[in-house]
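Encoded as structure tokens, the structure appears first; notes follow it.
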Amino acid sequence: MTSEDQLISLHRRRGYCSGRFTYLSNRLDEYEQSESQQNSLLKNYEKQLTEVASQFEAIQLELEVLDEKEQGRGFEIRDHAMLNSLIFSKIPLSIQKQWEMTLPNNEVPPYIHLLNFLERLARSSRPITTVRQTRESPEQTTPVRQRVNLTQPHKPELRLQKTRFGWEYLALGHMTKVNDNHSDDNGCYLPHHGVTKASSQTTKLRVVFDGSAPSTTGTSLNDTLHTGPKLQEDLFSPYLAIRCLKQLAEDEGHRFPRAAQVLQRDFYVDDALTGAETKDEALTLRTELTNLLQLAGLNIRKWASNDNDLLHGLSLEETNHQHFLGDSQTLKTLGVFWNSFDDSILYSVEVKPTPSRVTKRIISSEIAKIYDPLGLLAPVIVRAKMLLQRIWSSKIDWDESLPIELHTEWERYYAQLPLLNNVRFPRKAIIESAIEIVLHGFCDASEKAYGPCVYLRTLNTNGRVWTQLLTAKSKVAPLKYQTIPRLELSGALLLTSLMSTVQQAPSHKITRTIYWTDSTIVLHWLNTSPHTLKTFVANRVSEIQTKTSIHDWRHVPTDDNPADLISRGQTPEEFLRPTIWQHGPAWLYQSEGYWPTWALMPQVEVPEQKGAICLSANPADYSLLQRYSSWPKLIRIIARCLRWKQKKNRAAPLTVTELRITHNKLIKLLQNIHFSEEIRTLQKDRNAAIKGKLTRLNPFIDKEGILRVGGRLSHSSMTFAQKHPIVLPKSSVTTRIIEHEHKIHMHSGTHATLYAVRQRYSPVDGRSQVWRAIKGCVRCCRAQPSPVEYVMSNLPEARVTESRPFTNVGLDYCGPFHIKEKRDRNRRQIKVYVAIFVCLAIKAVHIELVDDLTSEVFIAALRRFIARRGYCSTIHSDNGTNFRGASNELRELHDLLQSDDHKEKVTAFLADKQIEWRFIPPHSPHFGGLWEAAK
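Take 10 as the starting number for the sequence shown in my numbering and just add one per residue.
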């Protein structure tokens, strides 16, 4: 498998893990909200989540090694961290329920946290983590080795303090003595060691228990326990506490609401950082907090305040000795130095003499000693990070001496570090009676570093404005080159995350949040839809747009941007000079009308946008080819246009050469319009790739670039045009050519016209095109008009009414016929006629011979018809006018039918028989079509 295929496979597997985690996370949410909760189902979810997290971590580590374009594919590392945090927020649900169920409530201290072992190890018969301490070789175990080290003669003070600690644990009931006959099949000897701190005012020796130390079975105590949820926030946030204190606040908070709020919000492990707006509120809070903690058997000590009145009534053991005795007003809390006299945060940096041989290990150690959780020294710290990054880029080993340039720069920086001891930051960030609290975040970036800083601007009822630096962060630019706009965007994303965390920290409600950047490109990106941007920028813009409102982002000039100090970095000496770092730009103290304004201007080109393909359709205008109905005229018009383009004599008649050139150009244009793909294929000598209707023609391109029909007639005596006619598509021009050939060949038929056209051309579907062209020829239509289709009226009632045969009869004569009267030799010829009786209903025919044209003979024939077919109700016949102008014989028949005597006799006969005689209209033989057809 290639590296590219491997990367694709890894990304697909990681996507599957993410989708699987989302599914299980949703199931856990449903489980938490359901009324019936089954432990077995929850444990199954926990097991699956753990497996998915393990797979995700393995895939992520492999991606980080193989994928050099990780930054373009998204936030893999950040996604990994988010996944882990979500997993730890889901898995401990059952652990918390078990912990809450095991809280005793009948003894003091009431809050004891039982260990939550992994289910698979708790059910196992195998020892969880056993250290088998044999009498023969006690030095093999870590706890015994540490105990032997504490009993060495050169550590008498440490041994004494450790012994006191053990007796104290026994007295408090925190541990019990193990007898020799105690079984250790399922136990753990917990390694521990002492840490001394001579500067500590309460406890010089602190005992540290090492739960991660492996036992003889290779398993540590921590390996057998659930990790549990994250109970601590980021270090610079004062909302930190441990679970026992949170549980105490939940159980007893209704009795001491203010103290419960402090327990939930202002504790970090066992240290509390809190305050109140007035002295009375602070005294009440101190009392409530003391009483609330005593309910759990916890005593709060080391009270310190910026007002000594708040410490009255406290014993010496309950106050900070250093503060109470007045030795110094500087205290250390959570690693940060606080001067209670002027209520300010300060720093203490101890500098040792610089060794002659400076290494990367030494510099890393010294930089780590500068403890700045709030980021107030970010410009100074980032300068050290820049130096350390340069050392890493030089690929210097840990214990290798630095080059002269780096060594000199470090010495200069390190010598100025003691100047930081003079830096002070006011602890108080919110003034009294504040009515408006606004967070202002600034971000900036350079090719070396980037970072944000956050300021708190408060306005009180008196109109007083106060701004104070709250926190900041700094990061060096990655070693892989990034453009300045990308780094600016990374700084904006870091500012978004920092502001989101800071908004949760203050006890006061934040009125507004405003984000400032000096990068106009970033502002344009934030006002752009992420799908139009490249992946790196789109991911970050999408997250910023999700967490913030675009209307809260504003532009700040570089000179007024305090985050610019982070991007460039400062030495301690430069940091002490008056700048806008501590309180922000001066216009923050003014009303909003004096703040910088900036209008988003449309840019012609915004960096990092995806390439957008804009297709501008500009079709060629071929209307001239369809404007004229004559092929010769079309050629002449185009020839005139070509002559005008060449600026020749426009009045001179067109020559044969010009007409021939125009003809060829017009044919080539027509073929390029309709056969462009086939022509490109032939130009690449790929005749076999020709498809469609041209396949059987074996086409080729001649020396003039015209597409012609191939074939096997190369040795024929015919002309070149006849052997290889020009291929014509279905188009209006082809129709004009066919019409021209049809006209010059005297409007010949389809076959003749097609033959004439094929003398030079070979139109596609030639027969159908020729037939269509001839059908549209006006002269041919006039010469061969199509018959008129008359609209026939409704059939007579007698024709469509069901009746007995010959009830309604049509009558007509036919003849005369010449027959011989007798069979003898002297017989003569006589004329006879035939009376045709046709049934109008079923078209049956009855024939009667009539000797002459007298009424008596006709009546006799009618009698014979009635005798044979029965009486009829109506007889239809013509009135004899159709016999006029006919021969003498027909004239006699006409005279008979028109004579009054005949009509009277026949009418009288029919009246007696109740038969009606109807005559058709004159000159309308189509009325008698039925009996006319029978003749």
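For glycine and all other residues, C-beta sits at the position ideal for the given N, C-alpha and C.
All figures in this text were calculated on a predicted structure; none of them were measured in a lab.
inquiry  = If distances are taken between C-alpha atoms only, which option among Ser483, Val463, Lys619, Ala458 comes closest to Ser538?
reply    = Residue Lys619 is the option with its Cα nearest to Ser538.
message = Can you check which of these residues, Lys831, Ala850, Arg836, Ala869, is closest to Val843 by C-alpha distance?
response = Ranking the options by Cα distance to Val843, first place goes to Ala869.
query = Would the beta-carbon of Thr476 fall within 8 Å of that of Arg466?
reply = Contact: yes.
ask   = Ala782: which of Thr759, Tyr459, Glu798 sits nearest, CA to CA?
value = Of the candidates Thr759, Tyr459, Glu798, Thr759 places its Cα closest to the Cα of Ala782.
query = For the candidate residues Ser551, Leu478, Leu396, whose alpha-carbon lies nearest to that of Pro571?
reply = From the listed residues Ser551, Leu478, Leu396, the smallest Cα separation to Pro571 is found for Leu478.
message = Using DSSP's beta-bridge definition, name the partner residues of Arg717.
response = Looking at the DSSP assignment, Arg717 forms a beta bridge with Phe709, Ile735.
query = What is the rounded straight-line gap between the Cα of Ile676 and the Cα of Ala648?
reply = The straight-line gap from Cα to Cα measures roughly 13 Å.
inquiry  = Please state the DSSP three-state secondary structure of Trp926.
reply    = When secondary structure is reduced to three states using DSSP, Trp926 falls in the strand class.
ask   = Per DSSP, what kind of secondary structure is Gly24 in: helix, strand or coil?
value = In this structure, Gly24 counts as helix in the three-state DSSP scheme.
request  = Excluding the 5 residues preceding and the 5 following Ile86 in the sequence, name in chain order all residues of the same chain whose CB lies nearer than 6 Å to its CB.
outcome  = Unreliable placement is indicated for Ile86, whose pLDDT of 47 sits below 50; no coordinate value is reported for it.
query = On the premise that Ser314 lies in contact with Ser349, defined as a C-beta separation below 8 Å, what is that separation, rounded to the nearest angstrom?
reply = Between Ser314 and Ser349 the Cβ distance is about 7 Å, and since that is below 8 Å, they are a contact.
query = Quick one: what's got a C-beta closer than 7 Å to Gln425's C-beta in the same chain, skipping five residues either side?
reply = Cβ within range, chain order: Thr580, Pro581, Glu582.
key: Phe434 - DSSP class collapsed to helix/strand/coil   = In the three-state DSSP reduction, Phe434 falls in the strand class (E or B).
ask   = For Trp640, does the count of other Cβ atoms within 10 angstroms reach 16, so buried, or fall short, so exposed?
value = Within 10 angstroms of the beta-carbon of Trp640 lie 16 or more other beta-carbons, which makes it buried.
ask   = Are the Cβ atoms of Lys484 and Ala458 separated by less than 8 Å?
value = With a cutoff of 8 Å on beta-carbon distance, Lys484 and Ala458 are scored as near each other.
inquiry  = DSSP three-state label for Gln793, please.
reply    = The answer is coil: DSSP assigns Gln793 none of H, G, I, E or B.
ask   = Straight-line CA distance for Gln680 to Arg769?
value = Rounded to whole angstroms, Gln680 to Arg769 spans 15 Å at the Cα level.
query = Since Phe684 contacts Leu716 with CB under 8 Å, what's their CB separation in whole angstroms?
reply = Between Phe684 and Leu716, the beta carbon gap of about 6 Å places them in contact (Cβ cut-off 8 Å).
task = Report the rounded CA-to-CA distance for Ser387 versus Gly593, giving the unit in angstroms.
result = Note on identity: in this sequence residue 387 is Ala, with Ser being the wrong assignment. For Ala387 and Gly593, the distance between alpha carbons rounds to 14 Å.
Runs of beta strand (DSSP E) wholly within the segment 409-486 (minimum 3 residues, chain order) = Counting whole runs of 3 or more residues, the segment 409-486 contains the beta strand (DSSP E) stretches 433-435, 443-454, 458-469, 474-481.
message = On the DSSP letters alone, give me the boundaries of the beta strand (DSSP E) that Ile828 sits inside.
response = Here the beta strand (DSSP E) through Ile828 covers 817-829.
Whole-angstrom C-beta distance between Ile553 and Leu532, which should lie under 8 Å = Incorrect: roughly 11 Å between the Cβ atoms, too far for contact.
inquiry  = My output table needs one value for His760: the three-state DSSP class, helix, strand or coil.
reply    = Helix, per DSSP.
message = If contacts are defined as beta-carbon pairs under 8 Å, then Val915 and Ser864 qualify, I think. What distance do you get, rounded to the angstrom?
response = Correct: roughly 6 Å between the Cβ atoms.
request  = Hey, could you find the ends of the alpha helix (DSSP H) Leu633 is sitting in?
outcome  = Secondary structure note for Leu633: its alpha helix (DSSP H) is the uninterrupted segment 632-636.
request  = Can you tell me which of the three DSSP states Tyr198 falls into?
outcome  = Coil.
request  = Check whether the Cβ atoms of Thr339 and Leu355 lie closer than 8 Å to each other.
outcome  = A contact, by the Cβ cut-off of 8 Å.
request  = Below 8 Å on the Cβ atoms is my guess for Gly460 versus Lys482; work out the distance and round it to an integer in Å.
outcome  = Gly460 to Lys482, Cβ: 5 Å. Contact.
ask   = By how many angstroms is the C-alpha of Asp860 removed from the C-alpha of Trp940?
value = Each residue's alpha carbon lies about 21 Å from the other.
inquiry  = Tell me the residue span of the beta strand (DSSP E) that contains Trp525.
reply    = Taken as a continuous stretch (DSSP letters only), the beta strand (DSSP E) holding Trp525 covers 521-526.
task = Tell me whether the beta-carbon of Leu643 lies closer than 8 Å to the beta-carbon of Arg745.
result = Yes.
ask   = What alpha helix (DSSP H) runs, 4 residues minimum, are completely inside the segment 356-397?
value = Assignment of alpha helix (DSSP H) within the segment 356-397, counting only whole runs of 4 or more residues, yields 369-377 in chain order.
task = Keeping to the same chain, check which residues put their C-beta closer than 7 Å to that of His672; ignore five residues upstream and five downstream.
result = For His672, where only same-chain residues beyond five positions count, the Cβ hits under 7 Å are Ile644.
message = Using CA atoms only, rank isn't needed, just tell me which of Gln923, His885, Leu633, Gly701 is closest to Pro930.
response = When each option's Cα is compared against that of Pro930, the closest is His885.
task = Could you tell me which of Leu849, Cys786, Glu286, Ser777 sits nearest to Gly804, measuring between CA atoms?
result = It should be noted that the sequence gives Leu, not Gly, for residue 804. The shortest Cα separation from Leu804 among Leu849, Cys786, Glu286, Ser777 belongs to Leu849.
ask   = What's the C-alpha gap between Tyr464 and Leu448?
value = Distance from the CA atom of Tyr464 to the CA atom of Leu448, rounded to whole angstroms, is 6 Å.
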